[in-house]
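Colleague: Numbering-wise, my numbering comes out as the position in the sequence shown, counting from 1, plus 17.
All C-beta atoms, glycine included, are put in the ideal place defined by N, C-alpha and C.
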Amino acid sequence: MDRRQFIGQSAAAIGLLAGFSGQARANLQKAEIIVIGGGYGGATAAKYLRLFSNNTAKVTLIEPNASFISCPMSNLVIGGSRNLAEITSPYDALSKRHGIKIIQDSVASIAPEKKTVKLASGKTLRYDKAVVSPGVSLNFKSIDGLAQANKDGITLQTWKAGLETVALHKQIAAMRTGGTFAISIPEAPYRCPPGPYERACQVANYLKQNNPTSQVIILDANQDVISKGALFKKVWAEQYSGIIEYRPKSNVVGVDVKTKTLKLEVEDDVKADVLNVLPQMAAGEIAIKTGLANSNGRWVNVNYLNFESTARKDIHVLGDAIQIAPAMPKSAHMANQHAKIAAAAIVAELSGWEVNPAPVLTNTCYSFVNSKEVVHVASVHQYNAAEKTFKTVPGSGGLSPAPSVLEGVYAWGWAHNIWADSLG
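Written out as structure tokens, the structure is:
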């Protein structure tokens with residue numbers, strides 16, 4: 018999807034919302050909208066709340082980090098072909114260009130009954146509408162010994178891009194000759210379905226050039242590769258034969274810090290030099306703490322027409338934290354799409370207008386199989402009123418026939434476009 022498609026979908030909505038009555042404008046000017054989390058979902062929501070309201074709505078974005086670091090493309094940093102600066106963007110355009118108030122802080126608690134948010138710094142803010150885009154939390158307790166291993170720096174997850182991303186690359190670069198890198202994948206759902214398989218490719222690509230007798234072991238708790246399976250397996254056979262070993266139905270249940278050993282539920286233990294252990298995931302901690310995670314205590318159920326939590330009125334939840342619709346991935350592109358639907362719905366609700374009864378979502382996900390070649394999967398999702406959920410549109414989207422350098426160009430184009438769309 019190019020930038021014109023990103024913006025085009027939104028331009029139509031802006032046109033529909035352009036004819037504000039005096040009452041609608043007054044309602045928007047009085048409303049306090051707080052957005053919690055400045056990732057793909059939160060940053061996009063903050064921006065489009067301003068755009069869809071003709072810059073009338075008062076929007077405050079709360080985000081602890083000074084800059085946005087993209088999880089998509091971060092596996093290339095782990096593989097050594099890119100650096101962190103190339104996937105880092107400032108937040109200042111949101112304030113300077115769009116008039117969003119940005120508070121660099123964390124949210125300690127949300128009081129839905131009082132409609133207040135308490136910041137870690139102690140300040141309390143009131144809201145009429147809250148948008149919560151908290152990403153995921155990692156359940157270290159789901160794997161015995163993982164919390165201590167992570168505290169000691171023996172294991173790194175790197176499932177949110179940042180300093181850990183660089184640290185994991187350094188561990189790989191320092192690995193002994195002929196050493197082993199092991200990555201474990203939890204049972205789905207988890208953030209970014211193809212992410213671990215892409216990461217294995219990036220590590221293998223680095224080792225192939227710098228430590229060719231080393232090995233990458235993928236321990237997958239799932240029955241098989243859950244995204245782009247045939248494409249990844251073909252790449253592993255053709256480009257990384259003798260380097261990547263894929264083991265399905267291999268659920269990691271424990272970590273021995275002293276021996277760097279992973280204990281599996283059924284199979285024999287695996288000892289490795291570098292351990293990238295991904296535990297079970299759930300909605301971000303603030304969503305769970307606020308009582309929003311009403312799907313198995315892990316994910317947030319929402320009304321898909323406006324992404325309002327089914328547990329708490331006037332709190333709209335986006336991105337990886339929600340209980341996804343059938344075949345809807347937990348991806349950056351999807352979080353960006355959630356944000357636009359939620360932003361349009363919030364503006365409509367505050368203005369006394371009808372919420373769009375038939376929203377459509379799109380998704381594109383690119384995976385680098387080496388430093389230049391890429392495969393992708395794409396899909397279109399239409400709201401089904403009878404079932405009150407999104408369903409994939411038959412025949413929509415598609416899958417790459419094979420990896421290509423041209424798709425690598427498209428992937429970087431996608432990245433720069435979505436960064437501009439969310440943050441520019």
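Do the CB positions of Leu68 and Val76 come within less than 8 Å of each other?
Modeller: Their beta carbons are not under 8 Å apart, which means Leu68 does not touch Val76 by this criterion.
Colleague: Decide if Ala344 is buried, meaning its Cβ has at least 16 other Cβ atoms within 10 Å, or exposed.
Modeller: Per the 10 Å Cβ criterion, exposed.
Colleague: Which stretch, first to last residue, makes up the alpha helix (DSSP H) that contains Gly430?
Modeller: It spans 422 to 440 - the alpha helix (DSSP H) in which Gly430 sits, taken as one unbroken run.
Colleague: Rounded to whole angstroms, what is the Cα-Cα separation between Asp19 and Trp431?
Modeller: At Asp19 the pLDDT is 46, less than 50, meaning the model places this residue with poor confidence; the figure from the coordinates comes in the next sentence. For Asp19 and Trp431, the distance between alpha carbons rounds to 6 Å.
Colleague: Name the one or two DSSP bridge partners that Arg193 has.
Modeller: BP columns for Arg193 are empty, so no partner.
Colleague: According to DSSP, simplified to helix, strand and coil, what is Lys288?
Modeller: Here Lys288 sits in strand by DSSP.
Colleague: Assuming Asn71 and Ser368 form a contact by the criterion Cβ under 8 Å, report the distance between their Cβ atoms to the nearest whole angstrom.
Modeller: Their Cβ separation, rounded to whole angstroms, is 11 Å, which puts Asn71 and Ser368 out of contact at 8 Å.
Colleague: For Gln232, which residues does DSSP report across the bridge?
Modeller: For Gln232, which the question treats as bridged, DSSP gives the partners Thr197.
Colleague: Measuring alpha carbon to alpha carbon, tell me which residue in His393, His398, Val410 is nearest Leu423.
Modeller: Out of His393, His398, Val410, His393 has the C-alpha closest to the C-alpha of Leu423.
Colleague: Span of the beta strand (DSSP E) holding His333?
Modeller: Note, His333: beta strand (DSSP E), 332 to 334.
Colleague: If you count every other CB in all the chains shown that lies within 10 Å of the CB of Ala30, and 16 or more means buried, which is it?
Modeller: Because Ala30 carries a pLDDT of 47, less than 50, the predicted location of this residue cannot be relied on, and no value is offered for it.
Colleague: Between the region 317 to 335 and the region 352 to 367, can you find at least three pairs of beta-carbon atoms closer than 8 Å?
Modeller: Counting Cβ pairs under 8 Å, three or more are found: they touch.
Colleague: Check whether the region 254 to 273 and the region 218 to 235 are in contact - that is, three or more C-beta pairs closer than 8 Å.
Modeller: Judged by Cβ distances under 8 Å, the region 254 to 273 makes contact with the region 218 to 235, as three or more pairs qualify.
Colleague: Going by the CB atoms, is the gap between Ser91 and Trp436 shorter than 8 Å?
Modeller: Their beta carbons are not under 8 Å apart, which means Trp436 does not touch Ser91 by this criterion.
Colleague: Since Arg216 is in the alpha helix (DSSP H), which residue starts that stretch and which ends it?
Modeller: Per DSSP, Arg216 belongs to the alpha helix (DSSP H) from 212 to 227.
Colleague: Which first and last residues belong to the beta strand (DSSP E) in which Gly271 is found?
Modeller: Per DSSP, Gly271 belongs to the beta strand (DSSP E) from 269 to 273.
Colleague: Count the CB pairs spanning the region 235 to 250 and the region 212 to 219 that are closer than 8 Å, and state whether there are at least three.
Modeller: Short answer: they touch.
Colleague: Starting from Ala110, trace the alpha helix (DSSP H) in both directions and tell me its first and last residue.
Modeller: Segment 109 to 113, the alpha helix (DSSP H) holding Ala110.
Colleague: Need the endpoints of the beta strand (DSSP E) that Glu358 sits in, please.
Modeller: In the sequence as presented, Glu is not what sits at residue 358; that position holds Ile. Unbroken run through Ile358 is the alpha helix (DSSP H), 349 to 368; no beta strand (DSSP E).
Colleague: Roughly how many angstroms lie between the CA atoms of His115 and Asp122, to the nearest whole one?
Modeller: The alpha-carbon atoms of His115 and Asp122 are separated by roughly 20 Å.
Colleague: Return the residue from the list Ser348, Lys405, Met351, Val364 that minimises the CA-CA distance to Ala375.
Modeller: With distances taken between Cα atoms, Ala375 lies closest to Lys405.
Colleague: Return the chain-ordered ranges of every alpha helix (DSSP H) run that is complete within the region 155 to 190 and spans a minimum of 4 residues.
Modeller: For the region 155 to 190, whole alpha helix (DSSP H) runs of length 4 or above, ordered along the chain, are 163 to 168, 180 to 190.
Colleague: Could you give the distance in angstroms between the alpha-carbon of Thr307 and the alpha-carbon of Phe324?
Modeller: One C-alpha to the other measures close to 16 Å.
Colleague: Rounded C-beta distance between Leu270 and Glu282? I'm assuming under 8 Å.
Modeller: It should be pointed out that residue 270 corresponds to Val in this sequence rather than to Leu. So it is a contact: roughly 5 Å between Cβ atoms.
Colleague: Could you please give the first and the last residue of the uninterrupted alpha helix (DSSP H) stretch that includes Thr381?
Modeller: Looking at the DSSP string, Thr381 is not in any alpha helix (DSSP H); the run it does join, the beta strand (DSSP E), is 377 to 385.
Colleague: Where do the N-terminal and C-terminal ends of the alpha helix (DSSP H) with Gln46 fall, by residue?
Modeller: From DSSP, the alpha helix (DSSP H) with Gln46 extends over 39 to 47.
Colleague: How would you write the range of the beta strand (DSSP E) that Lys478 sits in, first residue to last?
Modeller: The structure shown does not extend to residue 478, since the chain spans only 18 to 441, so no value can be given for it.
Colleague: Write down the C-beta distance between Ile342 and Phe407 rounded to the nearest angstrom, noting that I regard them as a contact closer than 8 Å.
Modeller: Rather than Ile, the amino acid found at residue 342 in this sequence is Ala. Going by Cβ atoms, the distance from Ala342 to Phe407 rounds to 4 Å, so yes, they are a contact pair.
Colleague: Taking Cβ to Cβ, would you say Gln340 is nearer than 8 Å to Ser159?
Modeller: Going by C-beta atoms, Gln340 is not nearer than 8 Å to Ser159.
Colleague: Is it buried or exposed, Val426, if we count other Cβ atoms within 10 angstroms and call 16 or more buried?
Modeller: Exposed: under 16 other Cβ atoms inside 10 Å.
Colleague: Helix, strand or coil, according to DSSP, for Gly301 in the structure here?
Modeller: Coil at Gly301, not helix or strand.
Colleague: Quick check on the burial criterion: 16 or more other C-beta atoms within 10 angstroms. Buried or exposed for Arg208?
Modeller: Flag for Arg208 reads buried.
Colleague: I'd like to know whether the C-beta atoms of Leu292 and Ala199 end up nearer to each other than 8 Å.
Modeller: Cβ atoms of Leu292 and Ala199: closer than 8 Å.
Colleague: My output table needs one value for Phe69: the three-state DSSP class, helix, strand or coil.
Modeller: Three-state DSSP puts Phe69 in a helix.
Colleague: Can you give me the Cβ contacts of Gly179 inside the same chain, cut-off strictly under 7 Å, excluding the 5 residues immediately before and after it?
Modeller: Hits under 7 Å: Ile86.
Colleague: Out of Val183, Phe249, Asn320, Ser244, which has the shortest C-alpha to C-alpha gap to Asn401?
Modeller: Closest option to Asn401, Cα to Cα, is Asn320.
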